[in-house]
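Under my numbering, residues 195 to 486 are what the sequence shown spells out, in order. Here is the structure we will look at.
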Amino acid sequence: MHFLILIKLTTEDKIFERVRKSFRNFDLVTQKNDKEICQILKNNEIDIVVDLKGHTYKSRIGLLKTRPCPIQITFLGHPGTTGTDFIDYAIADDFIVNSENEAFFSEKILKLPNCYQPTDDKRYFPNTNFSKEEIGLPENKFIFCSFNSPYKIQPEMFNVWIEILKNKEDSVLWLLENENSESIKNILLYVEEKGINPERIIYSKRYPMNNYLDRLKMADLFLDTFPVTAQTASDALWVGLPVLTLAGKSIVSRVAGSLLTNINMKELITYNYDDYKNMALKLSNDKNSIMI
């Protein structure tokens, strides 16, 4: 098996070494142009090429326009169709690409039997025991959390979160700090306008992965965003934190639903805002019902 890395690497970390050791042949072609990479693919008679970026930042999908390989596949990095005539297949599963949205793909769909998103079962599992107080959380409150980028927090869903907080007075919302101080300021002002004490919105600093997982497990329920759902939902499930999601029609809104389906927790998948809110309140009033 031949493996080509096309991304720009800043460090060669443990994950990089694991990937390198998994393949007999390994070429790092970051600095080569599209024509040179296509020639490498042809010279090595690569049968199948899998693009992992789609139309995302720093993608190199354009180099596949000349069809250097007989079979060209897109997977994982871009939650949707490429809309091109040079990608033959997209890898998915029955939940994330259902019969309704399959017709909108330019690719044929290769469906995995379970969840399309691979999860590393060799990753770190939390073994540091914090108290809530040690990480800035109240000991006697229900902790809703949503560790997502600010752009994923849309007004419609955020208003649902506010309704949840209003109906569950002994709770707080734990969010992830980001580099956009205006985003934090706007959220705190908005909740105050809606009658929520801004002190009930708690921001976590960003930590290295292992420390982040140690802290994440201290929440009680992960509130997924919509319509762009959290692929970090897999982090929450990994540490035993239940995830409540709202599944829409697009792939990007069905990621967490796919993960939950795979672990037989479909009851945490909702399909409208009212059901989402009601389920959050039901679960927050009976913590034993959401143990993973």
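Backbone N, C-alpha and C fix where the C-beta goes; we use that ideal spot for every residue, glycine too. All figures in this text were calculated on a predicted structure; none of them were measured in a lab.
Residues of its chain near residue i, where Cβ-Cβ distance is below 6 Å and the 5 sequence neighbours each way are ignored
i      : result
Ala430 : Phe416 and Val437
Asn342 : Thr419 and Ala424
Tyr397 : Leu369 and Glu371
Gly274 : Ile445
Leu270 : Leu246
Tyr251 : none
Cα-Cα separation between residue i and residue j, rounded to whole angstroms
i      : j      : result
Ile234 : Lys215 : 20 Å
Cys309 : Lys247 : 19 Å
Lys346 : Glu206 : 30 Å
Glu461 : Val446 : 20 Å
Tyr467 : Ile358 : 11 Å
Ile290 : Glu327 : 38 Å
Tyr283 : Asp241 : 14 Å
Ile281 : His272 : 13 Å
Val213 : Asp221 : 11 Å
Trp355 : Lys259 : 44 Å
Lys226 : Gln311 : 29 Å
Lys302 : Ser444 : 17 Å
Tyr401 : Pro264 : 43 Å
Val243 : Asn353 : 43 Å
Asn219 : Lys411 : 39 Å
Ser325 : Ala297 : 49 Å
Arg285 : Phe217 : Note on identity: in this sequence residue 285 is Ile, with Arg being the wrong assignment. Their Cα atoms are separated by approximately 21 Å.
Asn238 : Asn295 : 36 Å
Met473 : Glu230 : 53 Å
Ser293 : Lys305 : 12 Å
Lys362 : Asn479 : 8 Å
Glu376 : Lys388 : 18 Å
Lys360 : Lys208 : 44 Å
Val385 : Gln348 : 14 Å
Asn404 : Asn323 : 13 Å
Lys399 : Val366 : 16 Å
Asn458 : Val422 : 22 Å
Residues near residue i in its chain [Cβ-Cβ closer than 8 Å; skip 5 each side]
i      : result
Asp364 : Asn334, Lys335 and Phe336
Ser483 : Lys476 and Leu477
Gly256 : Asp228
Asn374 : Pro344
Thr464 : Leu438, Thr439, Leu440, Ala441, Tyr470 and Met473
Glu350 : Phe420 and Tyr467
Lys481 : Phe336 and Asp414
Inter-residue CB distance, residue i and residue j (contact presumed, cutoff 8 Å)
i      : j      : result
Thr276 : His249 : 7 Å
Cys339 : Ala427 : With 8 Å as the limit, Cys339 and Ala427 do not qualify as a contact, their Cβ atoms being about 11 Å apart.
Trp368 : Leu407 : Actually they are not in contact, since the Cβ atoms of Trp368 and Leu407 sit about 15 Å apart, beyond 8 Å.
Ser253 : Thr278 : In fact, because the Cβ distance is near 12 Å, the residues do not count as touching under 8 Å.
Ile267 : Asp245 : 7 Å
Leu435 : Tyr470 : Leu435 to Tyr470, Cβ: 17 Å. No contact.
Ile329 : Arg448 : About 31 Å; that fails the 8 Å criterion.
Val433 : Pro320 : 5 Å
Residues bridged to residue i [DSSP beta-bridge criterion]
i      : result
Phe555 : Residue 555 cannot be examined here, being either before or after the span of the chain that is shown, 195 to 486.
Val243 : Gln266
Asp287 : Leu306
Ile337 : Val366
Thr322 : Bridge partners of Thr322: none, in fact.
Phe352 : Per DSSP, none; premise fails for Phe352.
Ile396 : Trp368
Leu415 : Phe338
Ile463 : Thr439
Beta-carbon contacts of residue i that lie in its chain and below 7 Å, excluding the five residues immediately before and after
i      : result
Lys236 : Pro262
Cys232 : Leu257, Thr260 and Pro262
Touch check for the stretch 384 to 396 and the stretch 301 to 317: three-plus C-beta pairs under 8 Å? Contact fails: fewer than three Cβ-Cβ distances are below 8 Å.
Does the structure place the stretch 379 to 387 close enough to the stretch 448 to 455 that three or more beta carbon pairs sit under 8 Å? Contact between the stretch 448 to 455 and the stretch 379 to 387 is not established, with fewer than three Cβ pairs separated by less than 8 Å.
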